[in-house]
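Peer 1: This is the structure I have questions about; it appears just below.
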Ligand SMILES: Cc1ncc(C[n+]2csc(CCOP(=O)(O)OP(=O)(O)O)c2C)c(N)n1
Ligand code: SF4
Ligand SMILES: [Mg+2]
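Chains as they are written, first to last, in the working numbering: chain P, 806 to 1129; chain S, -8 to 382.
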């Protein structure tokens, strides 16, 4: 089934994504948008999604017993093991298919969703194991740069200067000092994987990559910058705009790595300073009051500039040179 | 009944061989001494095409249990095996497996928990998860490992039960000791275990279900109550399944195994391979005209309280041997047996002996010593003592 806009729109308006209304995520939260966009593409391509979900904001808010917002098969196991769990589901599928116990004409898509805590931090080992073993799965990271379910604690994905409860911006310390872990590079370092960044503010890019990921013959990983309105301290109606700003400021470059081949999928002709991204969010308010704010922001600017140059260099260097 | 087929194999191979004949859909496991040979044997069966099982060579025990949870929820028959640190690492998911009511069978090759690190047998690993909602069976020898692994599949998957089962065997003592094991023909095992009837499988996309919902104060308690009831069902259906197994194997299995108990006045209670040693000592003392006996506990969870009451009421003295300590409380088996005897009409005198931690040998003289103390009625219910320990 080829992907058409008509089909996507149909699934969206008929609320057939698999995530139905009634979940308790905050209005404007980008996590459910990310999930719906992924499922929309899967459904439009004729896949039957089977979902694994890591503990986190989206998981607790979508399945408060006796209710569930999921109209597709769904399993939540624990915080750090969604990749291992989905590997079990996917392996069961292969075993049962071999035994003739599942319909052979059904096109399954095994999709794991995890937050940044469940992916960059506590779930990294489980993810790496599943990638290395080569399960045919799609792992989607909804990255809101902190442990939001538990009230905004620092994660390996939190950017420097953001105020969190475990790395608060204080009188002595400017909050988190370390840069965000580069999760896509970690994933891409596994052989025979597809890894990409997306964000709902760039829907066409998002849709194309999910299509590619689902059709990739091996494990695929998609990192979606998915702002949390509550703890990024932004207006409900600004969350998608912020994701666009993240792309325009090189904060969240859009690219993909397919078997070692880099491709930068959005190359804005002009960039905005990363300070604009920072100043648009309340989580940096305390940082901005500090005398070292400018220095920290300029270090961040420097970092995103260098990273962008590196990405372009990788793209050039790996052109038509897949590792296998 | 099937023709006798004896193999000289270790407990680990007995477990692996049973798994081969069961031929589960999915096995996910991670090696750890002394469980390792189970994984190795099974990997070889897979590599040689002797089973159609899909094996997941996971990167940790945490992922092993997570993957079998995923596989079982998907609708597959799934198995794993581990020991000590591996069990400790996966313990978070051990609770989830039982609470999601997934009929997983796991071989646990008992090994002492760190620290200090030790690879030899004790039951601290099994005892750590005794309240995790798994059915726990303890084996005396490799034959039991083979038989109970097969039986466990039926128990776990029984529609009134749907709980995971842990088949315990003593590390090295059973897992690495070669014994004659009578195995059944493949087709007999296949027929006995039958096909798994999946309940709410994830792969049935026409009937989507949600596993692992957030369950707060308004329902969690009721769900736990259902789990408590499921354990009662496990207790209830075990004899039927054991009877069916008897019909194919000629080997009878009960929750407990009484040994020379008819007129015994002094009784020992124990789990696992030590029962073999104790039987020898019982024979010897019986030869001297002493009225001693043994009550071997095969099923530890659900705890066979009624059997224990029935067998131990009105005996003169009962000594309980524990291969695990409960720091700050009475040893686990002792505590359970003692509590069961609270309700009997005539309570025996009781004594608690902890032995064998970290693989320390239980020698016949230790057993004899404990029996002598019982026969002298020199036991204090409130005092934990130790066998084979330097003070
Ligand atoms: C083993 C374990 N440690 C800690 C927690 C507590 N916990 C639950 S969700 C969560 C944070 C989730 O963060 P993330 O993955 O980023 O998802 P988000 O809530 O931000 O969407 C934490 C720390 C847990 N459930 N399990
Ligand atoms: S707290 Fe943040 S991540 Fe959670 S639902 Fe609200 S906006 Fe979304
Ligand atoms: Mg998060």
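Ideal placement from N, C-alpha and C gives every residue a C-beta, glycine not left out.
All values derive from a computational prediction rather than experimental measurement.
Under a Cβ-count criterion, where at least 16 other Cβ atoms within 10 Å of its own Cβ denotes burial, should residue 53(S) be classed as buried or exposed?
Peer 2: Locating residue 53(S) in the second chain gives position 62, counting from the first residue. Classification of residue 53(S): buried, given that the 10 Å Cβ count is 16 or more.
Peer 1: For residue 287(S), report the span of its alpha helix (DSSP H) as first-last.
Peer 2: Position 296 of the second chain, counted from the first residue, corresponds to residue 287(S). Element bounds for residue 287(S): not the alpha helix (DSSP H) but the beta strand (DSSP E), 283 to 288.
Peer 1: My guess is that residue 355(S) and residue 126(S) are in contact by the Cβ rule of under 8 Å, so how many angstroms apart are they, rounded?
Peer 2: Against the second chain, residue 355(S) aligns to sequence position 364. Against the second chain, residue 126(S) aligns to sequence position 135. Between residue 126(S) and residue 355(S) the Cβ distance is about 32 Å, and since that is not below 8 Å, they are no contact.
Peer 1: Does the Cβ of residue 924(P) have 16 or more other Cβ atoms within 10 Å, making it buried, or fewer, making it exposed?
Peer 2: Stepping through the first chain from its first residue, residue 924(P) is reached at position 119. Residue 924(P) comes out buried.
Peer 1: What three-state label does DSSP hand residue 236(S) in the structure shown?
Peer 2: By one-based count along the second chain, residue 236(S) stands at place 245. The answer is helix: DSSP assigns residue 236(S) an H, G or I state.
Peer 1: Within 10 angstroms of its Cβ, does residue 62(S) collect 16 or more other Cβ (buried), or is it exposed?
Peer 2: Within the second chain, residue 62(S) is the residue found at index 71, counting from 1. The residue is buried, with at least 16 neighbouring Cβ atoms inside 10 Å.
Peer 1: Give me the DSSP bridge partner(s) of residue 943(P).
Peer 2: Taking the first chain and counting its residues from 1, the one referred to as residue 943(P) is at position 138. The partner list for residue 943(P) (beta bridge, DSSP) reads 916(P), 1025(P).
Peer 1: Does DSSP classify residue 388(S) as helix, strand or coil?
Peer 2: A query on residue 388(S) cannot be resolved here, the shown segment of chain S reaching from -8 to 382 and no further.
Peer 1: For the beta strand (DSSP E) that residue 278(S) lies in, which residues bound it at each end?
Peer 2: Residue numbering aside, residue 278(S) sits at position 287 when the second chain is read from its first letter. Looking at the DSSP string, residue 278(S) is not in any beta strand (DSSP E); the run it does join, the alpha helix (DSSP H), is 265 to 278.
Peer 1: Any heavy atom of ligand 1 inside 7 Å of the beta-carbon of residue 927(P)?
Peer 2: Reading the first chain from its first residue, position 122 is the one you call residue 927(P). Residue 927(P) Cβ: within cutoff of ligand 1.
Peer 1: At which residues does the beta strand (DSSP E) containing residue 45(S) begin and terminate?
Peer 2: As a position in the second chain, residue 45(S) is number 54, starting the count at 1. 45 to 47 is the extent of the beta strand (DSSP E) around residue 45(S).
Peer 1: Going by DSSP, which residues form a beta bridge with residue 100(S)?
Peer 2: Sequence index remark: in the second chain, residue 100(S) carries index 109 (1-based). For residue 100(S), which the question treats as bridged, DSSP gives the partners 160(S).
Peer 1: To be precise: take each residue of the region 904 to 925 of chain P, compare its Cβ to all Cβ atoms of chain S, and keep it if any distance is under 8 Å. Which residues remain?
Peer 2: Within the region 904 to 925 of chain P, the residues whose Cβ lies closer than 8 Å to some Cβ of chain S are 904, 906, 907, 911, 913, listed in chain order.
Peer 1: Any heavy atom of ligand 2 closer than 7 Å to the CB of residue 1035(P)?
Peer 2: For the purposes of this step, residue 1035(P) is taken as residue 230 along the first chain, with counting starting at 1. Yes.
Peer 1: Once you ignore the five residues that flank residue 1036(P) on each side, which residues in its own chain have a CB closer than 7 Å to its CB?
Peer 2: Residue 1036(P) sits at position 231 when you count from the first residue of the first chain. Taken in chain order, the residues that qualify are 951, 953, 957, 1088.
Peer 1: Residue 61(S) lies in the alpha helix (DSSP H); which residues open and close that run?
Peer 2: Working through the second chain from its first residue, we reach residue 61(S) at position 70. Residue 61(S) -> alpha helix (DSSP H) spans 52 to 65.
Peer 1: Kindly indicate if chain S contains any beta-carbon less than 8 Å away from that of residue 1145(P).
Peer 2: The displayed coordinates of chain P run from 806 to 1129. Any statement about residue 1145(P) would go beyond what the structure contains.
Peer 1: Please state whether DSSP places residue 807(P) in a helix, a strand or coil.
Peer 2: Taking the first residue of the first chain as position 1, residue 807(P) is located at position 2. Residue state, collapsed to three classes: coil.
Peer 1: Rounded to the nearest angstrom, what separates residue 11(S) and residue 309(S) at their Cα positions?
Peer 2: Stepping through the second chain from its first residue, residue 11(S) is reached at position 20. Stepping through the second chain from its first residue, residue 309(S) is reached at position 318. Their backbone Cα atoms lie some 40 Å apart in a straight line.
Peer 1: For a quick check, are the C-beta atoms of residue 865(P) and residue 205(S) less than 8 Å apart?
Peer 2: As a first step, residue 865(P) is located in the first chain; it is residue number 60 there, counting from the start. As a first step, residue 205(S) is located in the second chain; it is residue number 214 there, counting from the start. Their beta carbons are under 8 Å apart, which means residue 865(P) touches residue 205(S) by this criterion.
Peer 1: Can you tell me which of 878(P), 836(P), 942(P) puts its alpha carbon nearest to the alpha carbon of residue 200(S)?
Peer 2: Start at 1 with the first residue of the second chain, and residue 200(S) comes out as number 209. Minimum Cα distance to residue 200(S) is reached at 878(P).
Peer 1: Could you tell me which chain S residues have their CB closer than 9 Å to the CB of residue 870(P), listed as they occur along the chain?
Peer 2: Residue 870(P) sits at position 65 when you count from the first residue of the first chain. What residue 870(P) touches in chain S: 201, 204, 205, 206, 207, 209, 210, 211, 214.
Peer 1: What span of residues does the alpha helix (DSSP H) with residue 86(S) cover, start to end?
Peer 2: Position 95 of the second chain, counting from 1, holds the residue named residue 86(S). Element bounds for residue 86(S): 75 to 90.
Peer 1: Just to be sure I understand the criterion: a residue counts if its Cβ is closer than 7 Å to at least one heavy atom of ligand 1. Which residues meet that?
Peer 2: Cβ-based neighbours of ligand 1 within the cut-off: 836(P), 859(P), 860(P), 861(P), 862(P), 863(P), 883(P), 884(P), 885(P), 919(P), 920(P), 921(P), 922(P), 923(P), 924(P), 927(P), 947(P), 949(P), 951(P), 952(P), 953(P), 954(P), 955(P), 958(P), 960(P), 1033(P), 83(S).
Peer 1: Any idea what DSSP makes of residue 145(S), helix, strand or coil?
Peer 2: Residue mapping note: residue 145(S) aligns to position 154 of the second chain, counting from 1. In the structure shown, residue 145(S) sits in a helix (DSSP, three-state: H, G or I).
Peer 1: Please list the partners that residue 853(P) has in chain S, where partner means a Cβ-to-Cβ separation under 8 Å.
Peer 2: For the purposes of this step, residue 853(P) is identified with residue 48 of the first chain, where counting begins at 1. In chain order: 196.
Peer 1: Candidates 838(P), 1031(P), 1002(P): which alpha carbon is nearest residue 1017(P)'s?
Peer 2: For the purposes of this step, residue 1017(P) is identified with residue 212 of the first chain, where counting begins at 1. Here the closest residue by C-alpha is 1002(P).
Peer 1: Under the rule that 16 or more other beta-carbon atoms within 10 Å means buried, what is residue 342(S), buried or exposed?
Peer 2: As a working mapping, residue 342(S) is identified with position 351 in the second chain. The residue is buried, with at least 16 neighbouring Cβ atoms inside 10 Å.
Peer 1: Taking a Cβ distance cut-off of 9 Å, strictly less, list which residues of the region 133 to 166 of chain S are near chain P, in chain order.
Peer 2: Residues: none.
Peer 1: Does the beta carbon of residue 83(S) sit closer than 8 Å to a beta carbon anywhere in chain P?
Peer 2: As a position in the second chain, residue 83(S) is number 92, starting the count at 1. Yes, its Cβ sits closer than 8 Å to a Cβ of chain P.
Peer 1: Enumerate in chain order the residues of its own chain whose CB-to-CB distance from residue 270(S) is below 7 Å, with the five nearest sequence positions on each side excluded.
Peer 2: The residue labelled residue 270(S) in the question sits at position 279 within the second chain. The residues are 250, 285.
Peer 1: Suppose the cutoff is 8 Å on Cβ atoms and the five residues either side in sequence are ignored; what does the same chain contact list for residue 1090(P) look like?
Peer 2: Residue 1090(P) sits at position 285 when you count from the first residue of the first chain. Same-chain partners within the cutoff: 968, 1038.
Peer 1: Going along the chain, which unbroken runs of the alpha helix (DSSP H) with 4 or more residues stay wholly within the region 1067 to 1110 of chain P?
Peer 2: Qualifying alpha helix (DSSP H) stretches, in chain order: 1079 to 1084, 1090 to 1093.
Peer 1: Within the chosen definition, does the region 88 to 106 of chain S reach the region 68 to 75 of chain S through at least 3 CB pairs nearer than 8 Å?
Peer 2: As far as the Cβ criterion goes, the region 88 to 106 of chain S touches the region 68 to 75 of chain S, which means the pair count is three or higher.
Peer 1: Restricting to Cα atoms, I'd like to know which of 360(S), -4(S), 345(S) is closest to residue 377(S).
Peer 2: Looking up residue 377(S) in the second chain gives position 386. The shortest C-alpha separation from residue 377(S) is found at 345(S).
Peer 1: For residue 174(S), which of helix, strand or coil comes out of DSSP?
Peer 2: Residue numbering aside, residue 174(S) sits at position 183 when the second chain is read from its first letter. Residue state, collapsed to three classes: coil.
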